[in-house]
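Enquirer: Heads up: the sequence shown begins at 1273 in my numbering, then just goes up one per residue. Sharing a structure below in structure tokens format, with a few things to ask.
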Amino acid sequence: MNPVRGLIMLFVVSYLIHATLLVNSADSELRNAQQQVGNLLAEELATSSATLMMNKDSVGLGLLANRFGETSAILSLRIVNLNKEVIASGGSAPSQQGTTFKADIQLEKQPLGQAEVVLASRARGDIIRDSAFNLLLSLLIHAFLVAWIGWPQLFKKIRIPILQPLPSEAKPIVVAPVINVADEAEPEPVKAAASVFLYVAFDDRKNLMQKVNVSTSEQFLMIVDKLLKRATRLYMGKVTVTLTAEGAVVRFDGDTGLDCMNRALACGRLLLKLTDTAYQQRRAAKQKQFALRMKAAGLELADLEDSKAQSDVQRLATLATVNQLMFTANDDIVTDLQSKHQLKAFEVEEGSANADIKAQIVEALAANIEEELTVLEKRILERRKPTEGV
């Protein structure tokens, strides 16, 4: 059988079952409401007619029956004595069938007879007509699901911000080098002239990441990981330590330390903007969603080994506060960056364990760069392809 045809049959059966349940539910609600009204009317009629029956007031009973019978919902009513003789009756349609409700007529615990009230029952067609909107809505939902699953190509352009997968990039054509089979030893990779590590971490002083359930933390990490990759790709960085609850490490290689640090700082600022906006959106939702802000630190490798540089940059990140970007580099790089951006020297108390750290806090990058970062942030969150470089 054609899978699409089978899918359509499945959803047709699902719709019919759902429609039946909707109508039955409406019918049950009407019956429950009618049960309460019918019992109340029967008891009221029995209470009102007790004194008249004790006094054998047939005229009063007739007037009482006529007054009750004027109610549109009552098809017929009867007041009978202990001998099952009808003393009074009324109603707008005594010949029609309906639901009967009975109540005993008593006065001072002495049985006098019984009051019977027959209420009109809603026809199945009336219930279906009243439920037409719900049935139509269910039909539209089923039709949409059939189209979504059976013909997904119709909806391939529908995108949800932030949660969409990364856009595919055209891979550059690389000409394969001629390999000499006789050479068994692989050449060592060329070491970059300069490198900078950027460490990004969550500001999680209350250990919330460990307190929420696994699915919630994984969903949040997935969102931040996508934002990290988009920001990193813009500045030609490489994620060397994949994002976890502890953070992530991004490496920037280049010809000069100044160039690497410029790209690292711009990437760090952009990521902090993205994650802060994502935090605000998730916390402002009707149902508040789990989110954390971030902080970042940059470090010039110089002559340090990768393991030592990674340890130092993680230590530097622990000193940063929420949405703060810090970095450490040689004096020449610091002097050049101070002339372009708003930096503040990191101050530590004398004799503290961090007294050996000489770092700078980035309060703001150059105005033109901050403006372009704001544009990039908006385009990334709106799933628009950002322009090249800042």
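Where a beta carbon is used, it is the ideal one built from N, C-alpha and C, also for glycine. These numbers come from a predicted model, not from an experiment.
Reducing DSSP to helix, strand and coil, say where Gly1623 ends up.
Expert: coil
Enquirer: Just grab the DSSP bridge partners of Ile1469 for me.
Expert: Reading off the sequence shown, one finds Phe at residue 1469, where the question assumed Ile. In the DSSP output, where bridge partners are listed per residue, Phe1469 has Arg1523, Leu1571.
Enquirer: Going by DSSP, which residues form a beta bridge with Leu1258?
Expert: Given a span of 1273 to 1662 for the chain in the structure shown, any question on residue 1258 remains unanswerable.
Enquirer: Decide if Phe1469 is buried, meaning its Cβ has at least 16 other Cβ atoms within 10 Å, or exposed.
Expert: buried
Enquirer: Please tell me whether Gly1519 and Tyr1551 are closer than 8 Å, where the distance is taken between their beta carbons.
Expert: no
Enquirer: Please list the segments of the beta strand (DSSP E) lying wholly inside the region 1551-1610, counting only runs of 3 or more residues, in order along the chain.
Expert: 1566-1572, 1597-1600
Enquirer: Go to Asp1376, then tell me how far its beta strand (DSSP E) extends in each direction, as first and last residue.
Expert: 1371-1379
Enquirer: If you follow the alpha helix (DSSP H) that Val1309 is in, where does it begin and where does it stop?
Expert: Here the alpha helix (DSSP H) through Val1309 covers 1275-1326.
Enquirer: Excluding the 5 residues flanking Asp1527 on each side, which residues of the same chain have their C-beta closer than 6 Å to its C-beta?
Expert: For Asp1527, where only same-chain residues beyond five positions count, the Cβ hits under 6 Å are Ala1465.
Enquirer: For Lys1612, collect the residues of the same chain with a Cβ closer than 7 Å to its Cβ; drop the 5 residues on either side in sequence, then sort them by chain order.
Expert: Ala1638
Enquirer: Who does Thr1219 pair with in a DSSP beta bridge?
Expert: No answer is possible for residue 1219: it lies beyond the span of the chain, which begins at 1273 and ends at 1662.
Enquirer: Thinking Leu1379 and Thr1343 are a contact (beta carbons under 8 Å), I'd like their distance in whole angstroms, please.
Expert: Rounded, the Cβ-Cβ distance is 24 Å, inconsistent with contact.
Enquirer: Can the beta-carbon of Phe1562 be found closer than 8 Å to that of Val1486?
Expert: no
Enquirer: Would you kindly report the start and end of the unbroken beta strand (DSSP E) that includes Gln1368?
Expert: Where Gln1368 is concerned, there is no enclosing beta strand (DSSP E), given that its DSSP letter is neither H nor E.
Enquirer: Report yes if the CB atom of Leu1564 is closer than 8 Å to the CB atom of Leu1480, and no otherwise.
Expert: If you check the CB distance, Leu1564 and Leu1480 come in under 8 Å.
Enquirer: Sort Asp1402, Arg1541, Glu1490, Leu1333 by Cα distance to Gln1596 and report the nearest one.
Expert: Answer by Cα proximity: Arg1541.
Enquirer: List the endpoints of the continuous alpha helix (DSSP H) containing Ala1404.
Expert: 1404-1422
Enquirer: So Val1511 and Lys1501 are in contact, right, with Cβ under 8 Å, and what is the actual spacing, rounded?
Expert: 7 Å
Enquirer: Give me whichever residues DSSP pairs with Gln1491 in a beta bridge.
Expert: DSSP output for Gln1491 lists no bridge partner at all.
Enquirer: Just mark Leu1435 as buried or exposed, buried being the case when its beta carbon has 16 or more other beta carbons within 10 Å.
Expert: Any reading at Leu1435 is ruled out, since the residue's pLDDT is 47, under 50, leaving its predicted position unreliable.
Enquirer: Give me the Cα-Cα distance between Met1281 and Leu1407, rounded to the nearest whole angstrom.
Expert: 18 Å
Enquirer: How far does the beta strand (DSSP E) with Ala1639 in it reach, from first residue to last?
Expert: No beta strand (DSSP E) contains Ala1639, which is instead part of the alpha helix (DSSP H) from 1639-1653.
Enquirer: CB Gly1370 to CB Leu1347, shorter than 8 Å?
Expert: yes
Enquirer: Apart from the five residues just before and just after Gly1422, which ones in its own chain have a Cβ nearer than 6 Å to its Cβ?
Expert: Val1276, Leu1279
Enquirer: I'd like the list of long-range same chain contacts for Asn1353, defined as Cβ closer than 8 Å, with 5 residues on each side in sequence excluded.
Expert: Excluding sequence neighbours, Asn1353 sits near Met1325, Ile1359, Leu1384, Gly1385.
Enquirer: Would you please state the rounded distance, in angstroms, between the beta carbons of Gln1610 and Ala1636? I believe it to be under 8 Å.
Expert: The C-beta distance from Gln1610 to Ala1636 rounds to 12 Å, too long to fall under 8 Å, and the pair is not in contact.
Enquirer: Beta carbon of Phe1283, beta carbon of Leu1417: below 8 Å?
Expert: Yes, the pair counts as a contact, with Cβ atoms nearer than the cut-off.
Enquirer: Do Ala1392 and Ala1345 have their C-beta atoms closer together than 8 Å?
Expert: yes
Enquirer: How about Thr1600 and Leu1591: do their beta carbons lie closer than 8 Å?
Expert: no
Enquirer: In this structure, does DSSP put Phe1340 in helix, strand or coil?
Expert: helix
Enquirer: Could you tell me whether any Cβ in chain B is nearer than 8 Å to the Cβ of Ala1563?
Expert: Of the chains in the structure shown, none is chain B; there is only one protein chain.
Enquirer: Please report the distance separating the alpha-carbon of Asp1531 from that of Glu1572.
Expert: 11 Å
Enquirer: Taking Val1522 as the reference, give the member of Asn1304, Cys1539, Asn1534 with the closest Cα.
Expert: Cys1539
Enquirer: Compute the Euclidean distance between the alpha carbons of Lys1356 and Ala1291, then round it to the nearest angstrom.
Expert: 44 Å
Enquirer: If you measure between the beta carbons of Ile1377 and Ala1387, is that distance less than 8 Å?
Expert: yes
Enquirer: Using DSSP's beta-bridge definition, name the partner residues of Ala1464.
Expert: DSSP, once it has assigned bridges, lists no residue as partnering Ala1464.
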